[in-house]
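Here's the structure, in C-alpha cells; my notes come after.
Number of protein chains: 2
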Amino acid sequence: MRRAGGRRHTLRDIAAALNLSVNTVSRALSGKDGIGEKTRALVRAEAERVGYVPNSMARSLVTGSAMTFGLVITNPSNPFYAQLISSIELRARAHDYSLLLTVTDESAENEARAAESLLRSSVSGAIVVPVQASADPWRRLGAVGVPTVLLNRDLPDLGYRFVGTDNELGGYRATAHAISRGARSIVVLEEDLPITTIADRIAGYRRAMTEAGLAMPRGSIIRVPTRRHDQAALPWQPQQAYQVARRMLRRARLPDAVVVGNDYFALGLYRALAEHGLKVPDDLMVIGFGDHPFSAFLSPSLTTVRLPAEEVGEIAADLLLEEIAGGRSARPLKQLIAPTLVERDSTAGASRAERRGQAGDASPA
Amino acid sequence: MRRAGGRRHTLRDIAAALNLSVNTVSRALSGKDGIGEKTRALVRAEAERVGYVPNSMARSLVTGSAMTFGLVITNPSNPFYAQLISSIELRARAHDYSLLLTVTDESAENEARAAESLLRSSVSGAIVVPVQASADPWRRLGAVGVPTVLLNRDLPDLGYRFVGTDNELGGYRATAHAISRGARSIVVLEEDLPITTIADRIAGYRRAMTEAGLAMPRGSIIRVPTRRHDQAALPWQPQQAYQVARRMLRRARLPDAVVVGNDYFALGLYRALAEHGLKVPDDLMVIGFGDHPFSAFLSPSLTTVRLPAEEVGEIAADLLLEEIAGGRSARPLKQLIAPTLVERDSTAGASRAERRGQAGDASPA
DNA sequence: CCGTCCAGCATGAACGTTAATGTCCGAGCA
DNA sequence: TGCTCGGACATTAACGTTCATGCTGGACGG
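Sequences listed follow chains A and B, in order. Note that the numbering used here numbers the first sequence so that position 92 is 132, with each residue one more than the last. Note that the numbering used here numbers the second sequence so that position 152 is 192, with each residue one more than the last.
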C-alpha cells in the first residue's frame, strides 16, 4: 500500500504500473470524458489497490484554488463563536472546502499576521470576525482578489459582504421588554471593548429608553474590564462582572433592571445581588444576551436575547460560496439577522417596579 | 501593488524586474547565504514594493511539508474543546504552523472523511480527538508517515502518542470527595457515549466506592441520552439531564450524592432537585466535571473537577512538534494530566449524609 | 480504396517554489 | 604568469497535478 521510503503514490506510479500516461490516469480518476470505460476501471482499480491519495497542493498550484476557507475568529471559548465554527465548518465541508482556523484574541497584531497567512495559503475565501482596530489587513486580502465575508462585526469602509446579528435590535428588545415589565431606571452592563456589536446594543438600549421617555443619567452604561492573558483566549469572566456589579450596588439608587452584554455577566450580577440580599426579579430584573446553554437553568432562569448563531454561520458560508462562484447574488450586501427575546423568570412576575407603577396609577402621567 | 489580471506577483516577476535569476531572488528572500548584501537589499526592496507574498502551496509542493496541523475535534461547543482549540492554535502559530480544523460531531463517517482530507492536504501532522468507533482512519494516516497525536481519547492499538486528562483519577477524586463528606450511596450521571473518557470516569468512581467498601447497586450508573441533529454540533443539553434526573428522583431511595459527567448535567440536576424541594448540599450533594466558567457562579456554587485544558493542548502541540522534528523525545508515549477537584458549596457544610453519619457514630462500623 | 472523423490515448507545458549543479570572474598565491 | 579557490550568481531539474494540444488507428461514407 505504501511506496518505499514513506513516499506516497502519485499519478506517475499508477501510470507506470499500467503503461499509461500520467494525463490518462488523471482524467480517469477525476471522471472526465475521453477515457475508455475499460481503461478507467483499470485505473480506478490500481489506484484503489495502492491506496492512492491525490496531492491537493499540487492540484491547487495548477488550478489556483486551494478549496479552503480561512476562518478568523476572536475567541472560540465564546459560545456564540463556537457555534459559528461548527456551523461554518459543516457548510464548508459539504461543499468540499477545508477550514483554516485562526484565533486573534482581539489582537490587531494577530489579525494582521492572520491575513498575511491566509494570503500565503491562497485560500479560496475568508470569513472574518474583525478586531475592528484597522481595516487594512482585510483590505489587502480583497485587493489581491480573495473574496472576504465579514462576520458579526462590520467594517463598512471596505464594502465587503457582511452578515451578523442585529445587535441594535437585540439591545432594543431587551430594554423594551424591561420597560414593558415596569422598569423605569435601567442600567447596562457591557464589556469594555471598542467593537460595533457592543456599541449597537447600547444604541438599541438608548432608542428604547428614548422612545419610552425615560432618563439615562450618567452611570447608566457600566463597563466591565476585559481580562486578557498572554496565553490562549479566555472565556468571559463572570468574576469581572461580579466586581463591577458590587460597586454598582453600593450606589444610592438601585435601578429597576440591568441589561447585561452577555449571559456570563448575568452570572456575576446574580451573585452580587444575592450577596446584597436582593431578589431577582422582585427587587431587580436581569436581561441577558446570548442565551448560552446554561441560562435557561439558572435560578431564576434568565430572560435573554437569543442569537441566531447557526443561521448567521450558514449565511456567511453561503455568501462566501456565492462570491467565490463569482455570480453576483440577489442577496443584500449587508445582512442583519434579528435576535429573539426569550422571556424567563428573571423578568417574570410582579416586580418591584411593576408594583410601584400600580401604586402610582392614580397620579397623572 | 497588484499585477494585471488579479494575479499575484511571483519570484519570477521580481527576478525579471531586477535582471536576476529566480533562484537568486528566492535565496535572497529566504535569508540563505551565497547572496551579496547589495543584491539582497535590492531584492527585498523590490519584493516590498510590489507586495510580494510567497505561495505556500508551491513551497510545500517542493519541500514536502505544508506547515499545517490538522486538528480534528468532535465538538467546539464543548468548552473543554474550545479551550483546546485556542491553546493548540496559539502553539501552532508560534511555530509558524497553520491549523486545519475539522469537526466530527462524534460521527465515524465524518472522521473517516476527515482523515482522508488531511491526507490529501499533506498536513505536517495531526492532533485528533477520535470518535473511538474505529482506529482505521488514523492508522492509515500514520502508515503514510503523518505524525499523529491522540488527544483526550486514546486508541491504544495504534501506539501513537497520547495526551489527555486522567479521567479515572477525576472520577475517583470526585467520588472520594463525596465519600469524605459523608456520602454513602452515590450515583453517577453520565452521557451515553461509547468513549473511554466516560468509561474511565466510571472506573474511578468504582474504585473510590470499592475502597470505601460502599455498595454500587443496580442503577448506580445512570445514562443521559445524547441528543444530536443533522446540523452543526450542539452544546451539552442540561434538559436531557433534567429529565433523567426527574426519573431518578421518583425512585424509592434517594442517594446522598450525585457525580455528574459534566457541569451542564449538574444544571439539569439542580433544577430537578429544586422542583422536588430538595436542597443542595443539605439533602443531596452534587459534584460536576469540567469546571465550566459558569459553575463557580451557580447557587449553590458547584464543586467540580477542573480539567487542565490549556496544559493538555500545549502538550499535544509540543508532542506533535517533536514528532515532526523526528527527534525521539524523552517524554512518555502516553501522558495523563491530573485534574484537580475544586471544592465549592454543592458539597459544603453539614450535609444530610454527614449528620446521619454523626448520628450513627455509636454503632459499630 | 481513400479520405475524414473521432474516440482514446500520449506529449509537452505550466503552476511557483526550492534544491542541486554549473559557470564566471576576481583575488590570492607560488 | 598561471593556477587554484571560492564568492556570487545562473541554469536546470524537480515536486505532482491539470490543461492544451498532438498523435494514432479504426469505423465509416463516398
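For every residue, glycine included, the Cβ atom is placed at its ideal position computed from N, Cα and C. Only a predicted model underlies this, so the values are computations on that prediction, with no experimental measurement involved.
| From B:Ser126 to A:Ile75, what does the alpha carbon distance come to, in whole angstroms? | For the purposes of this step, residue 126 of chain B is taken as residue 86 along the second sequence, with counting starting at 1. For the purposes of this step, residue 75 of chain A is taken as residue 35 along the first sequence, with counting starting at 1. Rounded to whole angstroms, B:Ser126 to A:Ile75 spans 48 Å at the Cα level.
Review point. How would you call A:Ala297, buried or exposed, if buried means at least 16 neighbouring beta carbons within 10 angstroms?
Key: Sequence index remark: in the first sequence, residue 297 of chain A carries index 257 (1-based). Buried is the call here.
Under 6 Å Cβ to Cβ from A:Ala173, same chain only, skipping five residues before and after it: list those, please.
The count along the first sequence starts at 1 and reaches residue 173 of chain A at position 133. Once the five neighbours on either side are set aside, the close Cβ partners of A:Ala173 are Ala148.
Here's the rule I'm using: 16 or more other beta-carbon atoms within 10 Å means buried, otherwise exposed. How should B:Thr344 be labelled? Locating residue 344 of chain B in the second sequence gives position 304, counting from the first residue. So B:Thr344 counts as buried.
query = Is the distance from the Cβ of B:Asp176 to the Cβ of B:Leu376 below 7 Å?
reply = Counting from 1 along the second sequence, the entry for residue 176 of chain B is found at position 136. Counting from 1 along the second sequence, the entry for residue 376 of chain B is found at position 336. Contact: no.
C-beta neighbour in chain B for A:Phe334, strict 7 Å = Along the first sequence, one-based indexing puts residue 334 of chain A at 294. So, interface residue.
Is the Cβ-Cβ distance between B:Val189 and B:Leu360 less than 7 Å? Here residue 189 of chain B is taken as the residue at index 149 of the second sequence, counted from 1. Here residue 360 of chain B is taken as the residue at index 320 of the second sequence, counted from 1. Yes, the Cβ-Cβ distance between B:Val189 and B:Leu360 is below 7 Å.
If I measure Cβ to Cβ from A:Pro275 and keep anything under 6 Å in the same chain, skipping five residues before and after, which residues do I get?
Working through the first sequence from its first residue, we reach residue 275 of chain A at position 235. Correct list, in chain order: Ser117.
Q: With a 10 Å radius around its C-beta and 16 neighbouring C-beta atoms as the bar for buried, classify A:Val88 as buried or exposed.
A: Position 48 of the first sequence holds residue 88 of chain A. Sequence check: residue 88 of chain A is Glu here, not Val. Flag for A:Glu88 reads exposed.
When the Cβ atoms of the stretch 136-153 of chain B are set against those of the stretch 104-116 of chain B, are three or more pairs found closer than 8 Å? yes
For a cutoff of 7 Å on Cβ pairs, would you count B:Asp385 as touching chain A? To locate residue 385 of chain B, count along the second sequence from 1; it is residue 345. No, because no Cβ of chain A sits closer than 7 Å to the Cβ of B:Asp385.
Review point. By the 10 Å Cβ neighbour count, where 16 or more other Cβ atoms means buried, how is B:Pro333 classified, buried or exposed?
Key: Position 293 of the second sequence, counting from 1, holds the residue named residue 333 of chain B. Classification of B:Pro333: buried, given that the 10 Å Cβ count is 16 or more.
### Message
For a cutoff of 7 Å on Cβ pairs, would you count B:Gln123 as touching chain A?
### Response
The residue labelled residue 123 of chain B in the question sits at position 83 within the second sequence. Interface residue, yes.
- Task: Using a threshold of 7 Å, state whether the C-beta atoms of B:Pro295 and B:Ser386 are closer than that.
- Result: Taking the second sequence and counting its residues from 1, the one referred to as residue 295 of chain B is at position 255. Taking the second sequence and counting its residues from 1, the one referred to as residue 386 of chain B is at position 346. Not closer than 7 Å, so no.
Practice task
Any chance you could list the alpha helix (DSSP H) runs of at least 4 consecutive residues sitting entirely within the stretch 243-267 of chain B, in chain order?
Solution key: none
Q. Between the C-alpha atoms of A:His217 and A:Met249, what's the straight-line distance to the nearest angstrom?
A. Here residue 217 of chain A corresponds to residue number 177 of the first sequence, with the count starting at 1. Here residue 249 of chain A corresponds to residue number 209 of the first sequence, with the count starting at 1. If you take the alpha carbons of A:His217 and A:Met249, they lie about 11 Å apart.
Distance between B:Ile242 and A:Gly317 (C-alpha atoms, nearest Å): Residue numbering aside, residue 317 of chain A sits at position 277 when the first sequence is read from its first letter. Residue numbering aside, residue 242 of chain B sits at position 202 when the second sequence is read from its first letter. About 40 Å.
(message) Check whether the stretch 158-174 of chain A and the stretch 79-93 of chain A touch, using three or more Cβ-Cβ pairs below 8 Å as the test.
(response) no
Along the chain, which unbroken stretches of the beta strand (DSSP E) at least 3 residues long are found entirely within the stretch 172-207 of chain B?
188-191, 201-205
Expressed to the nearest angstrom, what Euclidean distance is found between the alpha-carbon atoms of B:Gly199 and A:Glu129?
Looking up residue 199 of chain B in the second sequence gives position 159. Looking up residue 129 of chain A in the first sequence gives position 89. Approximately 30 Å, taken between the alpha carbons.
Q) What is the DSSP secondary structure of A:Phe334, reduced to helix, strand or coil? A) Start at 1 with the first residue of the first sequence, and residue 334 of chain A comes out as number 294. Residue state, collapsed to three classes: coil.
Is the beta carbon of B:Ile327 closer than 7 Å to that of B:Ala214? Indexing the second sequence from 1 puts residue 214 of chain B at position 174. Indexing the second sequence from 1 puts residue 327 of chain B at position 287. Contact: yes.
Cβ closer than 9 Å: which chain A residues qualify as neighbours of B:Trp276?
If you number the second sequence from 1, residue 276 of chain B lands on position 236. Neighbours of B:Trp276 on chain A, chain order: Pro333.
Do you know whose CA, among B:Thr103, B:Ala336, B:Leu69, B:Leu254, lies nearest B:Tyr92's CA?
-> Within the second sequence, residue 92 of chain B is the residue found at index 52, counting from 1. Out of B:Thr103, B:Ala336, B:Leu69, B:Leu254, B:Leu69 has the C-alpha closest to the C-alpha of B:Tyr92.
At 7 Å on the CB atoms, spell out the chain A contacts of B:Val93, in chain order.
Residue 93 of chain B sits at position 53 when you count from the first residue of the second sequence. Here the neighbours are Leu159, Arg160.
Where does A:Glu77 fall in DSSP's three states?
-> Reading the first sequence from its first residue, position 37 is the one you call residue 77 of chain A. Helix, per DSSP.
Mind checking which residues open and close the beta strand (DSSP E) that includes A:Ile226? To locate residue 226 of chain A, count along the first sequence from 1; it is residue 186. 226-231 is the span of the beta strand (DSSP E), which, as asked, contains A:Ile226.
Please report the residue range of the beta strand (DSSP E) in which B:Arg52 lies.
Counting from 1 along the second sequence, the entry for residue 52 of chain B is found at position 12. Unbroken run through B:Arg52 is the alpha helix (DSSP H), 51-58; no beta strand (DSSP E).
Review point. If you measure beta-carbon to beta-carbon, which residues of the stretch 121-146 of chain A are closer than 8 Å to chain B?
Key: Ala122, Gln123, Ile125, Ser126, Ser127, Glu129, Leu130, Arg133, Ser138, Leu139, Leu140, Leu141, Thr142, Val143, Asp145
Report the rounded CA-to-CA distance for A:Leu209 versus A:Glu354, giving the unit in angstroms. Here the question's residue 209 of chain A lines up with position 169 in the first sequence. Here the question's residue 354 of chain A lines up with position 314 in the first sequence. Rounded to the nearest angstrom, the two C-alpha atoms are 21 Å apart.
> Helix, strand or coil: how does DSSP classify A:Gly91 here?
Replying inline: To locate residue 91 of chain A, count along the first sequence from 1; it is residue 51. In the structure shown, A:Gly91 sits in coil (DSSP, three-state: anything other than H, G, I, E or B).
Worksheet item: If we ignore side chains and look at the alpha-carbon of each, how far apart do A:Glu80 and B:Leu82 end up?
Response: In the first sequence, the residue the question calls residue 80 of chain A occupies position 40. In the second sequence, the residue the question calls residue 82 of chain B occupies position 42. The sequence given here has Arg at residue 80 of chain A, not Glu. C-alpha separation (whole angstroms): 52 Å.
Check: Could you give the distance in angstroms between the alpha-carbon of B:Leu51 and the alpha-carbon of A:Leu191?
Finding: Position 11 of the second sequence, counted from the first residue, corresponds to residue 51 of chain B. Position 151 of the first sequence, counted from the first residue, corresponds to residue 191 of chain A. Cα-Cα distance, rounded: 34 Å.
- Neighbour flag for A:Val189 against chain B, beta carbons, 7 Å: As a position in the first sequence, residue 189 of chain A is number 149, starting the count at 1. By this cut-off, A:Val189 is not an interface position.
ask   = Who are the neighbours of A:Ser96 on chain B, taking C-beta pairs under 8 Å?
value = Position 56 of the first sequence holds residue 96 of chain A. What A:Ser96 touches in chain B: Arg160, Ser161, Ser162.
Quiz item: In this structure, what does DSSP give as the bridge partners for B:Gln375?
Solution: Residue numbering aside, residue 375 of chain B sits at position 335 when the second sequence is read from its first letter. Paired residue(s): B:Val203.
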